[in-house]
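Asks:
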Amino acid sequence: MITAHPGLPEFDYIRPDSLKQASQFLADHPGEALPFMGGTDTFVRMRDGVWRGKYLVDVKGLDGTNEMHFDPAEGLTLGAAVNMNRVIQCPEVREHYPLLVEAAQKVASYQLRTRATIVGNLCNASPAGDTTGACIVLGGFLSIHGVNGMRQEPLETFFLGPGKTTLRAGDIVTAIRFPTPPPHCAGHYLKLGRNTQGDLAIVGVTVLGYPDRAAPSGYRFRIALASVAPVPLVPVEAEKILAEKPVSEESIGEAARIAMQSCKPIDDVRGSARYRKLMVKNLTQKSLNEVWEKIRQVT
Amino acid sequence: MYHKIRVSINGSTELLDVPSNMTLLQMLREKLGLTGTKNGCSAGECGACTVILNGEPVNSCMVLAVECHEAKVLTVEGLAKDGHLDRVQQALIENGGVQCGFCTPGVLISMRALLDRSPTPNDDEIREALLGNLCRCTGYLRLIHAVKQAAQDQLLEPS
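Protein chains in written order, with my numbering: chain A, 111 to 409; chain B, 27 to 185.
In structure tokens:
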């Protein structure tokens, strides 16, 4: 039974002055200290007793984490502390990464997005995360500050399981970076929820398509599925079919079927495993068709 | 651990000593007696605790009090000025948008925040702005009508 209990368990709020200080503190208190941004997942986990710890370390705004920067040659750097509303409203993101805007807009509500961050959504590592699909298909990679300095990590290897990532004690994700998007690409995020807006995804399908002369079919599609496996799932076999066979109703149907077969959903309060599997097929097909309509017109 | 903070609430500066684990919601209700802002879910889902923090609406149950040092907060108590109701309050009353009243403070704040950032919102924008405020009673249509009326009133009589 879930009860609304207004109080958070006891902890000490720590606000370091720099990333170096923050990483050191976190590494010195493994298992007892957690970094947080907007807190929209962290506070809920604490209330539910999933996480008990002595220290909550506020890493917002440290060393440039509150900045967004787009460079036409390098791509987009999205600071970890940038809230989702700012991402949605940023003109450069709207122009060059509309899929990211589409995904972020489907998260919760406006007032929650004032606190929520995309990096936080990724670090929370819920397979249902709305922005995880867009970040994966857009080729996002993380800049991580640890006790040994900075490193980069692609999202392909980042997620280990529900709520589990490769982050170690002392690690703070400072930004997510995206390469420049492929020319003439189009994307779509289809989120199935118990209502039209505001709920967690029962199934989420993210598709990015773009012309690619190196592919036998002339096109490449990237697909990411949410809420149907322990981690955000990329159905590589489905992607392969669309790269190798000429894109048609048949190949899209086949890709959707393969995507359905590749997923391993569970029963939960939002939907059954069987329903989710069937929805993956339908929604992947729908999403692929929509993206296909957009990109085939260009070439 | 306690933290001394200075925060502006509805225009008044308050100096407070808050524990680490106190949320902004608790601070408003328990330290300042501003019980207009409600606790519905403690999880950032229902919007009953919505306030405006540094110009943007937030779920105050998802913000720590200590994070509000040097911040500006507007609660439902701060909407009316000199005994005159804010347009959003007037419009909500006139459109029958208040029944049990529990969601009302959060709804008013979301309405106010919407019109501040988008003075002439269309239907989709209104629905998107209010979707984070759950209402068990009204069926939402009256809330939407109220926003449209408030927007119109604001256009006709900017003050």
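Just so it is clear, CB atoms sit at the ideal spot from N, CA and C, and this is done for glycine as well.
Considering just the uninterrupted stretch of the beta strand (DSSP E) at A:V167, what are its terminal residues?
Replies: Unbroken beta strand (DSSP E) run through A:V167: Y165 to D168.
Asks: Which bits of chain A does B:G73 rub up against, with CB to CB less than 7 Å?
Replies: Near B:G73 (Cβ distances below 7 Å), the residues of chain A are S219 and Q221.
Asks: Kindly indicate which residue of A:R261, A:Q407, A:Q371 and A:E359 has the alpha-carbon position closest to the one of A:Q395.
Replies: With distances taken between Cα atoms, A:Q395 lies closest to A:E359.
Asks: In angstroms, rounded to a whole number, what distance separates the CA positions of A:R338 and A:L300?
Replies: The sequence as given places Val at residue 338 of chain A; Arg does not occur at that position. Their Cα atoms are separated by approximately 14 Å.
Asks: In whole angstroms, what is the alpha-carbon distance linking A:V411 and B:G158?
Replies: Not covered by the structure: residue 411 of chain A. The range shown for chain A is 111 to 409.
Asks: Check whether the Cβ atoms of A:V197 and A:I228 lie closer than 8 Å to each other.
Replies: Cβ atoms of A:V197 and A:I228: closer than 8 Å.
Asks: Under the three-state reduction of DSSP, which class applies to B:I78: helix, strand or coil?
Replies: B:I78 falls in the strand class under three-state DSSP.
Asks: What does A:D378 pair with, by DSSP beta-bridge criteria?
Replies: Answer is A:G381, bridged to A:D378.
Asks: In the DSSP output, what is B:A139 paired with across the bridge?
Replies: Beta-bridge pairing links B:A139 to no other residue.
Asks: Which chain A residues are close to B:H29, counting only those with a beta carbon under 8 Å from its beta carbon?
Replies: Going along chain A in sequence order, the residues near B:H29 (Cβ under 8 Å) are Y123.
Asks: DSSP has A:F153 in a bridge; who is on the other side?
Replies: The partner list for A:F153 (beta bridge, DSSP) is empty, contrary to what the question assumes.
Asks: What residues from chain B crowd round A:E177, counting only those whose CB sits closer than 7 Å?
Replies: Under the 7 Å cutoff, chain B gives no residues; its nearest Cβ is about 17 Å from A:E177.
Asks: Note down, in chain order, each residue of its chain lying with its Cβ closer than 6 Å to the Cβ of A:P292, except the 5 sequence neighbours on either side.
Replies: Y320.
Asks: Check this for me: beta carbons of A:V341 and A:A334, under 8 Å apart or not?
Replies: No; because the gap between Cβ atoms is not below 8 Å, this pair is not in contact.
Asks: For chain A, find out if any of its Cβ atoms is closer than 8 Å to the Cβ of B:N36; answer yes or no.
Replies: No, no contact with chain A.
Asks: Between which two residues does the beta strand (DSSP E) carrying A:F331 extend?
Replies: Segment Y329 to A336, the beta strand (DSSP E) holding A:F331.
Asks: Please name the residues in the region 127 to 148 of chain B whose beta-carbon is closer than 9 Å to at least one beta-carbon of chain A, in chain order.
Replies: Of all residues in the region 127 to 148 of chain B, G132, I135, S136, A139 and L140 have a Cβ within less than 9 Å of some Cβ in chain A.
Asks: If you follow the beta strand (DSSP E) that A:M260 is in, where does it begin and where does it stop?
Replies: It spans G259 to P264 - the beta strand (DSSP E) in which A:M260 sits, taken as one unbroken run.
Asks: What three-state label does DSSP hand B:N84 in the structure shown?
Replies: It should be pointed out that residue 84 of chain B corresponds to Val in this sequence rather than to Asn. Three-state DSSP puts B:V84 in a strand.
Asks: Which complete beta strand (DSSP E) runs does the region 255 to 304 of chain A hold, if anything under 3 residues is left out?
Replies: DSSP runs (the beta strand (DSSP E)) wholly in the region 255 to 304 of chain A: 259 to 264, 269 to 271, 282 to 288 and 296 to 302.
Asks: For the region 121 to 133 of chain B against the region 189 to 209 of chain A, do three or more pairs of beta-carbon atoms, one drawn from each stretch, fall closer than 8 Å, so that the two count as touching?
Replies: Taking 8 Å as the limit for Cβ pairs, the verdict is that the region 189 to 209 of chain A does not touch the region 121 to 133 of chain B.
Asks: Which residues of the region 297 to 322 of chain A have a Cβ closer than 7 Å to any Cβ of chain B? Give them in chain order.
Replies: Of all residues in the region 297 to 322 of chain A, Q307 and G308 have a Cβ within less than 7 Å of some Cβ in chain B.
Asks: Under DSSP, the alpha helix (DSSP H) around A:D240 begins and ends at which residues?
Replies: Element bounds for A:D240: D240 to V247.
Asks: Roughly how many whole angstroms lie between the Cα atoms of A:G249 and A:L388?
Replies: Whole-angstrom Cα-Cα distance: 27 Å.
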